[in-house]
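Since the structure comes first, as structure tokens, the remarks are kept for the end.
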Amino acid sequence: MTSTYDLIVIGTGPGGYVCAIRAAQLGLKVAVVEKRRTHGGTCLNVGCIPSKALLHASEMFDEAGHGFAAMGIKANPELDLGAMLAFKDEGVKGNVNGVEFLLKKNKVDVHFGVGRVLGAGRVQVTAEGGASSDLQTKSIVIATGSDIARLPGIEVDERQVVSSTGALTLSAVPKKMLVIGAGVIGLELGSVWRRLGAEVTVVEFLDRILPGMDSDVAKSFQRILTKQGMAFKLGSKVTALQRDPSGCTVTIEPAAGGAAETAFADVVLVCIGRVPYTDGLGLAAVGVELDGKKRIEVDGHFMTNVPGIYAIGDVIAGPMLAHKAEDEGVAVAEILAGQPGHVNYDVIPNVIYTSPEVASVGKSEDELKMAGIAYTVGKFPFMANGRAKVNRTTDGFVKVLADATTDRVLGVHIIGAHAGEMIGECSVIMEFGGSAEDLARTCHAHPTLSEAIKEAAMAVDKRAIHM
């Protein structure tokens, strides 16, 4: 069977399905190729969406057990883990079905199977049963996302040693969980099982959590997580793991060298990052160039060195974030339709969905110092915010970084309840080149948590009112 299209997108994660829909809106004849039986990629199936469902549910469980009494609500919650996992699965189903509907609504043809690029304009799709079809197209967009990074010598069996995927389906709450890696995914999933009753220890090779995030934020956040009951072994590495029916014995050594120690855990969660999913696509055979991290090399218009083949999302350089992939998907679709698609990589927000949340956009203080950029800082604690006080969500702060000469906002960092929602207005002010003064003089509703953003912007000029 041979079909001809204007565009074939390989992968229907956030980048891929958004790219396909936008291209269809612009009048292109579009098809997608998806190896799963459902759309949405890692994000909707085993990543962003199910993890956020468990984060929300576990936070409600923890609040009912430890926070309700202070508000005059008597409760004695009992965990039904099976029902909680079903709640998660229901949310996933709703999202993936939604993507299926949107593709159908926009008349995008769907081909289920493993996609392989045979050359510019040719994609082979091998279905689950082995049957294959050859699709013809003017352009190809590779949006195959990423896979878990594996720790050499430690096999992930998704039972005793789990990845982020297995951590979403544990059949029982472990008594002790050891998390390898203090990045976003490890802290999010570690906090889920800590709230449900596990004793959680996080082992990190570096001497800090959240590598790449503002160090001031990382230090404060670690103090909050420690207060909540999570333990940290920083500057440490796992060098061996032995398992038996009762659990895992892990050998941990200082990263700089020194005496080893052992720790026992019922479940070990390996979260040391993700790697681009570029294997098996036939890229080498057609001459598509990869960089040293196996990411696909693209130019400013997302095109590879092979004309007609493009790439977006986790398979190219940049943060591995769903919304970054979505924006790239829209941009490349518009470029293919003759429009000026563009992504502003200086304004891509990042959110950690723990409790409290952590959100940031733009530059960190560490980056500004390294670049030699003169800047001013405005900081405001939620302890001084009226809404946070009455809601008993006073952990954290807002920090605004502005150019010392122009006052243009260069970065905003938030630790606090609903930080992921609040970072949006900071992204908007930065997208339009706004200043801290613009943010400070924008009227914010009272009482809201977002008033802390206004106060932090005022603090840039040392004129915060409520501090």
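If you want the working numbering, it's the position in the sequence shown, counting the first as 1, plus 5. Think of the CB as a built atom: it goes at the ideal place given N, C-alpha and C, for glycine as much as any other residue.
Query raised in the report: Would DSSP call Met-6 helix, strand or coil?
Result: As a first step, residue 6 is located in the sequence shown; it is residue number 1 there, counting from the start. Confidence at Met-6 is low in this model, with a pLDDT of 48, below 50, so the placement of that residue should be treated as unreliable; the coordinate-derived value is given next. Coil, per DSSP.
**Report entry** Classification of Gln-247 by the beta-carbon crowding that lies within 10 angstroms, buried from 16 upward
**Finding:** Here residue 247 refers to the residue found at position 242 of the sequence shown. Exposed: under 16 other Cβ atoms inside 10 Å.
Query raised in the report: Less than 7 Å separating the beta-carbons of Pro-354 and Ile-428?
Result: Translated into the one-based positions of the sequence shown, residue 354 becomes position 349. Translated into the one-based positions of the sequence shown, residue 428 becomes position 423. Cβ distance < 7 Å, so Pro-354 and Ile-428 count as in contact.
Query raised in the report: DSSP puts His-418 in a beta bridge; with which residues?
Result: As a working mapping, residue 418 is identified with position 413 in the sequence shown. Beta-bridge annotation (DSSP): His-418 is paired with Ser-365, Lys-404.
Query raised in the report: CA-CA distance, Val-403 and Val-363?
Result: On the sequence shown, residue 403 is found 398 positions in, with the first residue counted as 1. On the sequence shown, residue 363 is found 358 positions in, with the first residue counted as 1. The alpha-carbon atoms of Val-403 and Val-363 are separated by roughly 10 Å.
Query raised in the report: Which of helix, strand or coil does DSSP assign to Thr-47?
Result: As a working note, residue 47 is residue 42 in the sequence shown. The three-state reading of DSSP puts Thr-47 in helix, counting H, G and I together.
Report task. Below 8 Å on the Cβ atoms is my guess for Glu-442 versus Asp-412; work out the distance and round it to an integer in Å. Result -> Counting from one through the sequence shown, the residue named residue 442 turns up at place 437. Counting from one through the sequence shown, the residue named residue 412 turns up at place 407. Contact flag correct, Cβ pair sits at about 6 Å.
Report task. Whole angstroms is fine: what's the gap from Val-166's alpha carbon to Tyr-380's? Result -> Translated into the one-based positions of the sequence shown, residue 166 becomes position 161. Translated into the one-based positions of the sequence shown, residue 380 becomes position 375. C-alpha separation (whole angstroms): 45 Å.
Query raised in the report: DSSP state of Arg-199, grouped into three classes?
Result: The residue given as residue 199 occupies position 194 in the sequence shown. The answer is helix: DSSP assigns Arg-199 an H, G or I state.
Requested in this report: Please report the residue range of the beta strand (DSSP E) in which Leu-123 lies.
Outcome: Taking the first residue of the sequence shown as position 1, residue 123 is located at position 118. Run containing Leu-123: 119–124, per the beta strand (DSSP E) assignment.
Query raised in the report: Out of Ala-409, Gly-334, Arg-121, which has the shortest C-alpha to C-alpha gap to Gly-287?
Result: Within the sequence shown, numbered from 1, the residue matching residue 287 stands at position 282. For the residues Ala-409, Gly-334, Arg-121, the minimum Cα distance to Gly-287 belongs to Arg-121.
**Report entry** Spatially closest choice to Leu-230 from Asp-249, Asp-219, Asp-212, Thr-206, by CA coordinates
**Finding:** For the purposes of this step, residue 230 is identified with residue 225 of the sequence shown, where counting begins at 1. Looking at the Cα atoms, Thr-206 is the closest of the given residues.
Query raised in the report: Per DSSP, which one or two residues make a beta bridge with Arg-127?
Result: In the sequence shown, counting from the first residue as 1, residue 127 sits at position 122. BP columns for Arg-127 point to Gly-124, Gln-141.
Requested in this report: Starting from the C-beta of Ala-409, find all residues in its chain whose C-beta is less than 7 Å away, skip the five residues before and the five after it, and write them out in chain order.
Outcome: Within the sequence shown, residue 409 is the residue found at index 404, counting from 1. Excluding positions up to five away in sequence, the list reads Ala-379, Tyr-380, Thr-381.
Requested in this report: List the DSSP bridge partners of Leu-274.
Outcome: The sequence position of residue 274 within the sequence shown is 269, counting from 1. Bridge partners of Leu-274: Val-167, Val-184.
Query raised in the report: Using the rule of at least 16 other Cβ atoms within 10 Å of the residue's Cβ for burial, across every protein chain shown, is Glu-193 buried or exposed?
Result: Here residue 193 is taken as the residue at index 188 of the sequence shown, counted from 1. When all chains shown are included, Glu-193 counts as buried.
Requested in this report: Indicate whether Ala-478 and Pro-19 have their beta-carbon atoms separated by less than 7 Å.
Outcome: Outside the modelled stretch of the chain, which goes from 6 to 472, sits residue 478, for which no answer is possible.
Query raised in the report: Span of the beta strand (DSSP E) holding Val-38?
Result: The residue you call residue 38 lines up with position 33 of the sequence shown. Note, Val-38: beta strand (DSSP E), 35–39.
Query - Inter-residue spacing [alpha-carbon to alpha-carbon] between Met-6 and Ala-154 - result: As a working note, residue 6 is residue 1 in the sequence shown. As a working note, residue 154 is residue 149 in the sequence shown. Since pLDDT at Met-6 reaches only 48, below the 50 mark, its modelled position is unreliable, and the value read off the structure follows with that caveat. Straight across, the Cα-Cα distance linking Met-6 with Ala-154 is about 37 Å.
Query raised in the report: Are the region 168–188 and the region 258–275 in contact at 8 Å, needing three or more beta carbon pairs?
Result: Counting C-beta pairs closer than 8 Å gives three or more between the region 168–188 and the region 258–275, which meets the contact rule.
Query raised in the report: Using 7 Å as the limit for Cβ to Cβ distance, is Phe-226 near chain C?
Result: Any reference to chain C falls outside this structure, which holds one protein chain only.
Query raised in the report: Looking only at its own chain, which residues have a Cβ that is under 6 Å from the Cβ of Pro-386, when we skip the five neighbours before and after it?
Result: Sequence index remark: in the sequence shown, residue 386 carries index 381 (1-based). For Pro-386, where only same-chain residues beyond five positions count, the Cβ hits under 6 Å are Phe-402.
Report task. Rank Ile-340, Ser-225, Thr-9, Glu-460 by C-alpha distance to the C-alpha of Ala-389 and give the top, closest one. Result -> In the sequence shown, counting from the first residue as 1, residue 389 sits at position 384. It is Glu-460 whose Cα lies nearest to the Cα of Ala-389.
Requested in this report: Report the option in Gly-77, Ile-26, Gly-16 whose CA atom is closest to the CA atom of Asn-50.
Outcome: Taking the first residue of the sequence shown as position 1, residue 50 is located at position 45. Nearest option by C-alpha distance: Gly-16.
Query raised in the report: If you check the beta carbons only, do Val-14 and Ala-25 fall under 7 Å apart?
Result: By 1-based counting over the sequence shown, the position of residue 14 is 9. By 1-based counting over the sequence shown, the position of residue 25 is 20. In this structure, Ala-25 lies closer than 7 Å to Val-14 by Cβ.
Query raised in the report: Identify the residues that DSSP records as bridge partners of Glu-209: which are they?
Result: The residue you call residue 209 lines up with position 204 of the sequence shown. Beta-bridge pairing links Glu-209 to Leu-239.
Requested in this report: Ignore the nearest five residues each way along the sequence and tell me which others in Val-130's own chain have a CB closer than 6 Å to its CB.
Outcome: What you label residue 130 is simply residue 125 of the sequence shown in a count that begins at 1. Within the same chain, Val-130 has close Cβ partners Val-38, His-116, Gly-118, Gly-120, Ser-138.
Query raised in the report: What span of residues does the alpha helix (DSSP H) with Cys-431 cover, start to end?
Result: As a first step, residue 431 is located in the sequence shown; it is residue number 426 there, counting from the start. 424–436 is the span of the alpha helix (DSSP H), which, as asked, contains Cys-431.
**Report entry** Strand pairing of Asp-249, partner residues [DSSP]
**Finding:** Numbered from 1 along the sequence shown, position 244 holds the residue referred to as residue 249. According to DSSP, which records beta bridges pairwise, Asp-249 is partnered with Gly-252.
Query - Cut-off 8 Å between Cβ atoms - residues of its own chain near Thr-482, not counting five sequence neighbours on either side - result: Nothing about residue 482 can be reported from this structure: the residues present for the chain run from 6 to 472 only.
Query raised in the report: Nearest CA to the CA of Ile-434: which residue from Gly-343, Val-405, Tyr-10?
Result: Counted from its first residue, the sequence shown places residue 434 at position 429. For the residues Gly-343, Val-405, Tyr-10, the minimum Cα distance to Ile-434 belongs to Val-405.
Query raised in the report: Could you give the distance in angstroms between the alpha-carbon of Leu-454 and the alpha-carbon of Gly-391?
Result: Numbered from 1 along the sequence shown, position 449 holds the residue referred to as residue 454. Numbered from 1 along the sequence shown, position 386 holds the residue referred to as residue 391. Taking C-alpha positions only, Leu-454 is separated from Gly-391 by approximately 8 Å.
Query raised in the report: Taking just the CA atoms, how far does Ala-290 sit from Gly-421?
Result: Here residue 421 refers to the residue found at position 416 when the sequence shown is read from its first residue. Here residue 290 refers to the residue found at position 285 when the sequence shown is read from its first residue. Taking the straight line from one Cα to the other gives about 49 Å.
Report task. Name the two residues that bound the continuous alpha helix (DSSP H) containing Lys-374. Result -> The residue given as residue 374 occupies position 369 in the sequence shown. Looking at the DSSP string, the run of the alpha helix (DSSP H) that includes Lys-374 is 370–376.
Query raised in the report: To which residues of the same chain is Val-280 closer than 8 Å at the C-beta, ignoring the five residues directly before and after it?
Result: Taking the sequence shown and counting its residues from 1, one reaches residue 280 at position 275. Excluding sequence neighbours, Val-280 sits near Ser-151, Asp-152, Ile-153, Ala-154, Lys-298, Lys-299.
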